[in-house]
Amino acid sequence: MSEDQGKDYTLESDSELRFEIEQKDAKVLVSLVSGFAELFGTELVKKKQYEFGVGAKVAIFTYQGCVLHVSGKMDVCYISKETPMVQYVNCHAALEQFRMEAEEKDRYGPVAMVVGPMDVGKSTLCRILLNYAVRVGRRPLYADLDVGQGSIAISGSVATILIERPANVEEGFAKTAPLVYHFGHKSPSGNSVLYNAVVSKMAEVTLQSLNSNKRTKSSGIIINTCGWVKGSGYAHLLHAAKAYGACAIFVLDQERLYNELLRDVPKGVHVVLLPKSGGVVERSKELRHEARDQRIKEYFYGNTRAPFYPFSFEVKFQDLRLYKIGAPPLPDSCMPIGMKAEDNKTKVVAVTPTPALIHHVLALSFAESVEDDVIGTNVAGFCCVTEVDMERQAVMLLSPQPRPLPPNALLLWSELQFMDNHT
Ligand SMILES: Nc1ncnc2c1ncn2[C@@H]1O[C@H](COP(=O)(O)OP(=O)(O)OP(=O)(O)O)[C@@H](O)[C@H]1O
432 MSEDQGKDYT LESDSELRFE IEQKDAKVLV SLVSGFAELF GTELVKKKQY
482 EFGVGAKVAI FTYQGCVLHV SGKMDVCYIS KETPMVQYVN CHAALEQFRM
532 EAEEKDRYGP VAMVVGPMDV GKSTLCRILL NYAVRVGRRP LYADLDVGQG
582 SIAISGSVAT ILIERPANVE EGFAKTAPLV YHFGHKSPSG NSVLYNAVVS
632 KMAEVTLQSL NSNKRTKSSG IIINTCGWVK GSGYAHLLHA AKAYGACAIF
682 VLDQERLYNE LLRDVPKGVH VVLLPKSGGV VERSKELRHE ARDQRIKEYF
732 YGNTRAPFYP FSFEVKFQDL RLYKIGAPPL PDSCMPIGMK AEDNKTKVVA
782 VTPTPALIHH VLALSFAESV EDDVIGTNVA GFCCVTEVDM ERQAVMLLSP
832 QPRPLPPNAL LLWSELQFMD NHT
């Protein structure tokens with residue numbers, strides 16, 4: 432379908448306009464002509480023009496009814512009256528009750544987890560709940576434990592940010608000053624022991640940080656999780672719920688998971704089953720890969736509205752302090768006395784540079800030496816190996832910061848790769 436001249440769409444109350452853009456270079460302009468409307472919880476400003484590009488999957492919802500003017504090339508565009516937004520706003524209302532009580536009694540506000548299989552709208556529900564919270568004056572934390580599609584940092588890491596204002600309609604939440612821990616794999620299955628350790632650390636640090644700000648303390652935390660909900664994936668969800676002391680778990684679209692959680696979490700935890708929106712679009716493996724890549728590219732190069740100009744510089748092998756977390760598994764019988772095979776999974780091992788290092792993303796740890804608690808230390812940022820020169824014994828790094836690397840910089844290997852073909 433194509434819409435070049437533009438068209439007015441009249442939406443009745445409790446309905447939404449959904450559209451997708453798949454064609455490269457296509458752009459869609461949307462403006463609110465009259466009434467009230469919001470995009471995943473962020474209110475649209477009347478007459479302001481919003482621009483969306485390729486890959487956008489958008490739903491503009493109205494509680495009261497509105498008229499939208501839309502122009503540009505879309506692949507799908509329709510109005511739906513079937514949306515779960517009323518259930519979602521009820522969840523927000525329930526969280527607000529917790530927050531008011533927490534405020535009165537100077538306690539922690541609600542820690543709510545959003546769980547569900549892949550492509551059910553978990554990140555979107557988090558965004559809606561966070562937006563609604565800031566719109567009523569709260570300052571919640573947003574923890575993203577989804578290492579597959581990291582929305583705050585890049586995949587392969589878990590991150591938390593303080594939400595102080597509603598998400599930008601086109602670009603999402605501002606990602607200033609995130610707290611990031613390195614994991615190094617696209618799925619928790621890459622190293623389950625390490626994943627749990629990193630989640631525990633993130634939970635410990637963020638819960639502690641709540642005490643330093645009264646408003647954030649009563650606002651609580653919204654946690655986004657991975658779409659892997661079976662077997663060990665389910666065990667990871669239980670682990671996270673326990674580590675954070677979650678008081679509410681919103682389960683999107685899966686009764687089985689809902690019943691399992693009802694059975695396994697402590698009685699005081701509210702487990703709520705919610706429908707997924709019919710608008711959520713399933714993504715193929717390739718699209719997920721592309722989205723991951725796009726996010727890394729954005730980390731280094733920004734976007735058209737706010738471009739970044741990364742640096743490229745050489746580091747000699749001898750100056751490269753490169754480590755990896757997790758040694759190859761050994762049978763228990765081969766382990767030193769008192770150690771379990773599991774301990775190997777959190778061991779910090781030196782990596783010798785080889786041509787195989789090319790395109791790998793490396794995390795720059797705040798840890799100063801391997802004697803420090805490397806897993807429990809957050810990371811300052813990421814760089815990417817763009818060249819390995821075995822003859823000159825050097826690598827080229829793409830980095831958001833100019834040379835040199837900080838003194839004693841400790842870099843952590845990640846299985847993520849990024850082909851830097853930016854022109
Ligand atoms: N109501 C809606 N209408 C149209 N598109 C939507 C709607 N809700 C969400 N989407 C889009 O669907 C896509 C997938 O949603 P989202 O990322 O929230 O799912 P998820 O469950 O978090 O995915 P993942 O499995 O990667 O964790 C996103 O591009 C989002 O913009």
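Residue 449 in this note's numbering sits at position 18 of the sequence shown, with consecutive numbering throughout.
Cβ atoms here follow ideal geometry from the backbone N, Cα and C, with glycine treated the same way.
Bear in mind the structure is a predicted one, so any value in this text is a computation, not a measurement.
| Check | Outcome |
| --- | --- |
| Does the distance between the C-beta of residue 484 and the nearest non-hydrogen atom of ligand 3 fall short of 7 Å? | Although ligand 3 was asked about, the structure shown includes only ligand 1 as ligands. |
| Assuming residue 573 contacts residue 592 (C-beta within less than 8 Å), just tell me the rounded distance between them. | 5 Å |
| For the alpha helix (DSSP H) holding residue 797, just list the boundary residues, first then last. | First-last for residue 797: undefined, no H or E at that position. |
| In three-state DSSP terms, what is residue 583? | coil |
| With a threshold of 16 other CB atoms inside 10 Å of the CB of residue 568, please say whether the residue is buried or exposed. | exposed |
| Shortest alpha-carbon distance to residue 469 belongs to which of 809, 482, 447? | 447 |
| Return the chain-ordered ranges of every alpha helix (DSSP H) run that is complete within the region 586-666 and spans a minimum of 4 residues. | 623-641, 645-650 |
| Quick one: what's residue 855 bridged to in DSSP? | Absent from the structure is residue 855, since the part of the chain shown begins at 432 and ends at 854. |
| Could you please give the first and the last residue of the uninterrupted beta strand (DSSP E) stretch that includes residue 497? | 497-503 |
| Quick check on DSSP: helix, strand or coil for residue 789? | coil |
| Is it true that the CB of residue 793 sits closer than 8 Å to the CB of residue 855? | The chain is shown only over 432 to 854; residue 855 falls outside these bounds and no answer can be derived. |
| Determine, using beta carbons only, whether residue 579 and residue 588 come nearer to each other than 8 Å. | no |
| Report the three-state DSSP secondary structure of residue 778 (helix, strand or coil). | coil |
| Any residue with its C-beta under 5 Å from a non-hydrogen atom of ligand 1 counts. Can you list them all in chain order? | 449, 488, 490, 549, 550, 551, 552, 553, 554, 555, 580, 658, 708, 710, 711, 712 |
| Rounded to a whole number of angstroms, what is the C-alpha to C-alpha distance between residue 748 and residue 782? | 11 Å |
| What whole-angstrom Cβ distance do residue 559 and residue 471 have, given they're in contact under 8 Å? | 5 Å |
| Please report the distance separating the alpha-carbon of residue 751 from that of residue 563. | 45 Å |
| Which same chain residues end up closer than 8 Å to residue 550 when comparing Cβ atoms and leaving out the 5 residues on each side of it in sequence? | 658, 711, 712, 713, 714 |
| Rounded to whole angstroms, what's the CA-CA distance from residue 433 to residue 519? Just pull it up for me. | Its pLDDT being 47, under 50, residue 433 is placed unreliably in this model, and the coordinates cannot settle the point. |
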